[in-house]
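Everything below concerns the one structure shown next.
Protein chains in written order, with this note's numbering: chain A, 1 to 94; chain B, 1 to 371; chain C, 1 to 165.
What follows is the structure, given as structure tokens:
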């Protein structure tokens, strides 16, 4: 969910863009990380663990914990919390 | 091979201050940060800073960051690389950086000096289902809310009543999100009492000697159970309480991010008062390696105000070690140290002061190997 | 419970900062609910009359010279801890005036009735907003009228969204 109004801050974004997540089209902004756009769209599960298939979500926001790794444009293990969202990106759980 | 006087790893408050100070001494500076933007934890601090008017007291952290970044853009001596991760510092003094999409480009730099200002990472807490989506580091929630305008959930349990827990809980309320409760494992609140008072005035309860026991849910949080603990941190039976929340924020301490310093073979020491392993350093923030300086949380967990001043000390002295002096070098060095001493001259900082003494290389002590 | 255990100042804490009835009777005066030695001094820097005395060490607790305090409230927006209030116990025969810092939405409007909350966030009365001062640093200063006996109790407000129509 995106914050509409805030007592201290004003949120200005550069450009609205579209990308796909699991084949579905979503909207985001070109000046935010991929994972932020997903959380804004109320998507909580970013991937599943290999053996036990535990759901993984956004955790540290500074690219240190590996919880946000996803496949982007076919490239696996992208740190989506520190990678800028781009127009037409294909984002998938891995 | 890129050559530069000083590489600064980390563009948070310490790194920003170090860059400006070093550049003002005519050093050439490369400032590297692995985030989308410069500013580190400073760009999400919407609360007004403490400290003295000299250190931006009363000004919101985001303003301070904006001003710093503006000055950096104006400086002709500072080159900035964002979305770039420093991956190693090698025996021949070469630094490797991965930048570009998913780090698909390698850059090699040979700096004369390196200032490591990599900050810290949030600690994890063991509880049932602690890996469930919806469990966030409190700092991460702060980033989502205050930088990207994204709300992580609607109802939150905050774990930890140190400054981060108290401040982020207040900021969640400002963003229109309900904080159902704050739990703190210790018997008393660790953060500033004024932060606690202002969150209590909003009707948010603080449970001390209490921790998070379990999170319920399959793919997301459906509820949580907190429980009181005794002085040995054991759960006290029959004191569980359930809350209907969809988000948990963990504010249970930070640990310095010191990998580069280990790899560069700096003398490291475990100091609980500084929250983990830190490099030994002298009074000018130089490590046991003559070419490497440190500043900010990587030197010991503290505050943004002290991070900025340590950055100034490191920047000033790294430049001076290259014979790049301002004629006011001595006055500035002394003034910075006086300001640090002032910030730390209270009961809350007794532990930090002790920790810093333990981390400081004694004069004439074993260190100083130049490469 | 003590303030480190609960976050709420106790009666004993408040005794240290609430001035005498003689001083309170003079008109609007500042009450600085700050009890911990932390490095912080913007309140003294913001006071135009020097009533909040300049700090020797930035970790000192604020000291108020009530002979100089005019109750102007400039310090309210300067405090990073939102710990400063101005109280006029004799605003009218039945009401006291309280000026407090407010950083939430919705910002109340002049004349609006809002909930008056105590230091634990509990509602104790309906109170009227008589002035809203929006400041450059976004810590707004809201003036409310409260029943006289709650002058030392109410320290926050809750504002309901105004529903149009």
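No residue lacks a Cβ here, since even glycine has one placed at the ideal position from N, Cα and C.
For the segment 103–127 of chain C, the set of residues with a beta-carbon nearer than 7 Å to any beta-carbon of chain A comprises 103, 104, 105, in chain order. Residue 49 of chain C is positioned such that its CB atom lies closer than 8 Å to that of residue 69 of chain C. Contacts between residue 136 of chain C and chain A, judged by CB atoms closer than 7 Å, are missing: the closest CB pair is about 12 Å apart.
Pairing residue 121 of chain C with residue 32 of chain A, the inter-Cα distance amounts to about 36 Å. Under the 10 Å beta carbon count, residue 148 of chain B is surrounded by 16 or more other beta carbons and is classified as buried.
Sorting B:339, B:358, B:354, B:360 by C-alpha distance to the C-alpha of residue 59 of chain C places B:339 at the top. Exclusion of the five residues before and after residue 16 of chain B leaves 68 as the residues of its chain whose Cβ lies within less than 6 Å of its Cβ.
Annotation for residue 277 of chain B: the continuous beta strand (DSSP E) segment containing it runs 276–279. Counting only the Cα atoms, residue 18 of chain B lies some 4 Å from residue 315 of chain B. Boundaries of the alpha helix (DSSP H) around residue 311 of chain B: 304–320. Here residue 137 of chain B has 122, 250 as same chain residues with Cβ atoms under 7 Å from its own Cβ, once five neighbours each way along the sequence are excluded. Contact annotation for residue 67 of chain C against chain B: no contact, minimum CB-CB distance about 25 Å [criterion: below 7 Å]. With a threshold of 8 Å between beta carbons, residue 70 of chain A makes no contact with chain B.
For the 8 Å CB-CB criterion, residue 146 of chain C and residue 154 of chain C form a contact. Comparing alpha-carbon positions, the option among B:329, B:116, B:260 lying closest to residue 89 of chain B turns out to be B:260. For the segment 2–20 of chain C, the beta-carbon criterion of a distance under 7 Å to any beta-carbon of chain B is satisfied by 3, 4, 5, 6, 7, 8, 9. Per the DSSP secondary-structure output, residue 256 of chain B pairs in a beta bridge with B:120. With contacts defined by Cβ atoms closer than 8 Å, residue 23 of chain B and residue 311 of chain B do not form a contacting pair. Here residue 52 of chain A carries a coil assignment [DSSP, helix/strand/coil]. Judged by pairs of C-beta atoms under 8 Å, the segment 28–44 of chain B touches the segment 69–89 of chain B, as three or more such pairs exist. Straight across, the Cα-Cα distance linking residue 44 of chain B with residue 146 of chain B is about 5 Å. Contact between the segment 317–335 of chain B and the segment 281–294 of chain B is present, with at least three C-beta pairs closer than 8 Å. Under the three-pair Cβ rule at 8 Å, the segment 112–127 of chain C does not count as touching the segment 76–91 of chain C. At least one beta carbon of chain C lies nearer than 8 Å to the beta carbon of residue 8 of chain A. At least 8 Å separates the beta-carbon of residue 13 of chain B from that of residue 285 of chain B.
Within the same chain, 273 come within 6 Å of residue 354 of chain B by CB-CB distance, once the 5 residues on both sides are set aside. DSSP places residue 181 of chain B inside the beta strand (DSSP E), whose first and last residues are 178–184. Here the alpha carbons of residue 345 of chain B and residue 267 of chain B stand approximately 28 Å from one another. With respect to the 8 Å criterion, residue 29 of chain B and residue 4 of chain B are classified as neighbours on the basis of their beta carbons.
The residues 27, 28, 29, 30, 86, 88, in chain order, have a CB closer than 7 Å to that of residue 71 of chain C in the same chain once the five nearest residues on each side in sequence are set aside.
Per DSSP, the continuous alpha helix (DSSP H) segment holding residue 329 of chain B begins and ends at 329–343. Rounded to whole angstroms, residue 149 of chain C and residue 90 of chain C show a C-alpha spacing of 11 Å. Looking from the CA of residue 252 of chain B, the closest CA among A:25, A:35, A:60, A:89 belongs to A:60. Take the alpha-carbon of residue 323 of chain B and the one of residue 333 of chain B: they are about 15 Å apart. The Cβ of residue 50 of chain C sits no closer than 8 Å to any Cβ of chain B. Here the alpha carbons of residue 162 of chain B and residue 349 of chain B stand approximately 14 Å from one another.
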